[in-house]
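What follows is a single structure, written as structure tokens, with notes after it.
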Amino acid sequence: MSRRRTISLFALVSVVASLLVVSSGASADHTAEPTAVTVAGSLQDELGCSADWLADCPETQLSSDAEDGLWQAEFTVPAGEWEYKATLNDAWDENYGAGAVAGGANIALS
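The sequence shown begins at 337 in my numbering and counts up one residue at a time.
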């Protein structure tokens, strides 16, 4: 796998995750920060999960960075055509797809 593909996935995950950051000045009073953010998609079994599209697989969970408040991770993904979304709190109840749209279309990665 090329370094470019690794960086591309990291950049895509960072962009999606940055849109999930809850800012205290801009959030509604009922919006809680997520307890977990997971990259769920067709690439998960390649990254060590037992199956694809699992909202609660620890191998594809992001970590919250205390310095910048962003949820982030770096993954090495084999060459191929993949799709994913960001799921919150180990469930599909709240998920974000293309354009960081809640319940939006899958994000393509190739």
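Think of the CB as a built atom: it goes at the ideal place given N, C-alpha and C, for glycine as much as any other residue.
Checklist entry - If you drop the 5 nearest sequence neighbours on each side, which residues of the same chain put their C-beta closer than 8 angstroms to that of S399? => result For this step, residue 399 is matched to residue 63 along the sequence shown. Counting only Cβ-Cβ distances below 8 angstroms, and skipping sequence neighbours, we find W407, Q408, A409.
Checklist entry - First and last residue of the beta strand (DSSP E) that includes N431? => result If you number the sequence shown from 1, residue 431 lands on position 95. Run containing N431: 427-432, per the beta strand (DSSP E) assignment.
Next on the checklist: In this structure, how does DSSP classify A444 when only helix, strand and coil are distinguished?
Outcome noted: Numbered from its first residue, the sequence shown carries residue 444 at position 108. If DSSP states are grouped into helix, strand and coil, A444 belongs with the strands.
Checklist entry - Can you give the Cα-Cα distance for S413 and E382, rounded to whole angstroms? => result Start at 1 with the first residue of the sequence shown, and residue 413 comes out as number 77. Start at 1 with the first residue of the sequence shown, and residue 382 comes out as number 46. Inspection of the sequence shows that residue 413 is occupied by Val rather than by Ser. Approximately 7 angstroms, taken between the alpha carbons.
Checklist entry - Are T371 and N425 touching if we call contact CB-CB under 8 angstroms? => result On the sequence shown, position 35 is the one that residue 371 refers to. On the sequence shown, position 89 is the one that residue 425 refers to. Cβ atoms of T371 and N425: closer than 8 angstroms.
Item to check | G361 (DSSP reduced to helix, strand or coil) | outcome: Looking up residue 361 in the sequence shown gives position 25. For G361, the predicted model reports a pLDDT of 43, less than 50, meaning its position is unreliable and no value from the coordinates is stated.
Checklist entry - Closest to V373 by CA distance: which of Q397, W428, E419 is it? => result Taking the first residue of the sequence shown as 1, we reach residue 373 at position 37. Of Q397, W428, E419, the residue nearest in Cα terms is Q397.
Next on the checklist: Spatial neighbours of E417 within its chain, please: C-beta separation below 6 angstroms, excluding the five flanking residues on both sides.
Outcome noted: Position 81 of the sequence shown holds residue 417. Only S446 meet the Cβ criterion.
Next on the checklist: Tell me the rounded alpha-carbon separation between A387 and W428.
Outcome noted: Translated into positions along the sequence shown, residue 387 becomes position 51. Translated into positions along the sequence shown, residue 428 becomes position 92. One C-alpha to the other measures close to 15 angstroms.
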